[in-house]
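*Asks:* Position 47 of the sequence shown, counted from 1, bears residue number 47 in UniProt numbering, the numbering being contiguous throughout.
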Amino acid sequence: MANILVFDSGMGGWSVLEACRAHVPGQHWHYLCDNAALPYGTKPDAWLTERILAVVGTACAELRIELVIIACNTASTLALEALRARLSVPVIGTVPAIKPAAEQALGKPLALLATSATLSRRYTQTLIERFSSRSIVHPVNGDALVSEAESFMAGDAVSAYTLKAVLAPLQAIEDLHGVVLGCTHFPLLTPQLRLILGDHIIWYDSGAAIARRVEALLPPGPRSDAERVSVYATDAERSTVRAVCRRSGLGPPCALKLSEPCLMFFD
Ligand code: DGL
1 MANILVFDSG MGGWSVLEAC RAHVPGQHWH YLCDNAALPY GTKPDAWLTE
51 RILAVVGTAC AELRIELVII ACNTASTLAL EALRARLSVP VIGTVPAIKP
101 AAEQALGKPL ALLATSATLS RRYTQTLIER FSSRSIVHPV NGDALVSEAE
151 SFMAGDAVSA YTLKAVLAPL QAIEDLHGVV LGCTHFPLLT PQLRLILGDH
201 IIWYDSGAAI ARRVEALLPP GPRSDAERVS VYATDAERST VRAVCRRSGL
251 GPPCALKLSE PCLMFFD
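Here it is as structure tokens:
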């Protein structure tokens, strides 16, 4: 049973955790959210890089982590290189699924729904330039969906008004093939998003590809069906993470105390 860290700013990484659990049984999954600093998508890059290194570094040292999954596009498109340089274990990142979407779109337009930070990153621009020469990729700011996905995970109502407002630019794109969900919070809302845009749109996320990568990095051999899921948060008192634990039949989240000094960000 390997100790695998799944990290996100909030509960979005749960979409990646579920894809991995379904594909790779018999592991000890350590889900960690930096919810004291949520959302990441509107924070400045330099601050965010230091914060991610401090939080993930602390968890790796304390939990004897053997494999890290950064289940957050906003963190991955910024800090993957720095994390790999700092940590001695393999680090899998989550980046927008532009490549598979462009392969299937056959030249039809695509939309990339992501946080404003992910949309602005050089990493994201390079993905589009390298893999989507035939399809135009329309960037769509989904910052407002992060808190909607958090509410949904807490068992609260989602605002149809907000979802419609965020998706409005997509409805103006003629012959749209599909939408790349470039934030791990958004696959949690796929049923609601589908209701607005209709069944003809294809939704691309990175969960299945990450699960395959995890499988490839684990040592071969028989795997037990027994698994464990432990949840940690930088603010373990928050109602969302507590509600997710309760609804998943898990014990309450543990507080992760940062071992490195790290300033909080106030906007
Ligand atoms: N779930 C994160 C992502 O994949 C970001 C949400 C946020 O904190 O803004 O980008």
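The C-beta atom is built at its ideal place from N, Cα and C for all residues, glycine as well. These numbers come from a predicted model, not from an experiment.
1. Rounded to whole angstroms, what is the Cα-Cα separation between PHE152 and LEU189?
2. Which runs of the alpha helix (DSSP H), 4 residues or longer, sit entirely within the region 163 to 216?
3. Which whole-angstrom value is the C-beta distance of residue 269 and GLY57, which I expect to be below 8 Å?
4. Distance, Cα to Cα, ARG130 vs ARG64?
5. Taking the alpha helix (DSSP H) that PRO100 belongs to, which residues open and close that run?
6. What's the call for ARG238, buried or exposed, on a 16-neighbour Cβ count within 10 Å?
7. GLU174 and VAL158 look like a contact to me (Cβ under 8 Å); what is the Cβ gap, rounded to whole Å?
8. Could you work out which residue in ILE69, ASP143, ALA71 and ARG21 is closest to LEU167 when comparing CA atoms only?
9. Do you know how far the Cα of ALA165 is from the Cα of SER248?
10. Should PRO253 go down as buried or exposed, given a rule of 16 or more other Cβ atoms within 10 Å for buried?
11. Please look up how many angstroms separate the CB atoms of TYR40 and THR94, rounded, as I've assumed it's under 8 Å.
12. Please state whether DSSP places ARG238 in a helix, a strand or coil.
13. Shorter than 7 Å, the distance from the beta carbon of SER9 to the closest heavy atom of the ligand DGL, or not?
14. Could you check if GLU150 is buried or exposed, using at least 16 other CB atoms within 10 Å of its CB as the buried criterion?
15. Name the DSSP beta bridge partners of ARG51, please?
16. DSSP three-state call for ILE136: helix, strand or coil?
17. Just checking MET11 against the ligand GDP - is the residue's beta carbon closer than 7 Å to any of the ligand's heavy atoms?
18. DSSP state of ASP267, grouped into three classes?
19. For SER88, name the three-state secondary structure that DSSP assigns.
20. Is the Cβ-Cβ distance between THR184 and ASP8 less than 8 Å?
21. Straight-line CA distance for LEU67 to VAL140?
22. What are the start and end residues of the beta strand (DSSP E) that includes VAL95?
23. Pull up the distance between the alpha-carbon of THR240 and that of SER120, whole angstroms please.
24. Going by CA-CA distance only, name the one from CYS72, ALA226, GLN27 and GLY26 that's closest to LEU48.
25. Less than 8 Å separating the beta-carbons of SER116 and THR42?
26. CB-CB under 6 Å to ASP267, same chain, minus the five flanking residues each way: which ones, in chain order?
27. Excluding five sequence neighbours on each side, which residues of the same chain lie with their C-beta closer than 6 Å to the C-beta of VAL91?
*Replies:* Once the coordinates are examined:
1. 8 Å
2. 190 to 197
3. Look at the range of the chain in this structure, 1 to 267, and you will see that residue 269 is not part of it.
4. 36 Å
5. 98 to 105
6. buried
7. The Cβ separation is near 28 Å, so there is no contact.
8. ASP143
9. 31 Å
10. buried
11. Not really, about 12 Å apart at Cβ, beyond 8 Å.
12. coil
13. yes
14. buried
15. None, per the DSSP bridge assignment.
16. coil
17. With respect to the ligand GDP, the structure offers nothing, as its ligand set consists of the ligand DGL.
18. Unreliable placement is indicated for ASP267, whose pLDDT of 46 sits below 50; the coordinate value is still reported in the next sentence. Three-state result, ASP267: coil.
19. coil
20. yes
21. 32 Å
22. Where VAL95 is concerned, there is no enclosing beta strand (DSSP E), given that its DSSP letter is neither H nor E.
23. 28 Å
24. CYS72
25. yes
26. Residue placement at ASP267 cannot be trusted, given a pLDDT of 46 that sits under 50; the coordinates are not used to answer.
27. VAL68, LEU83 and ARG84
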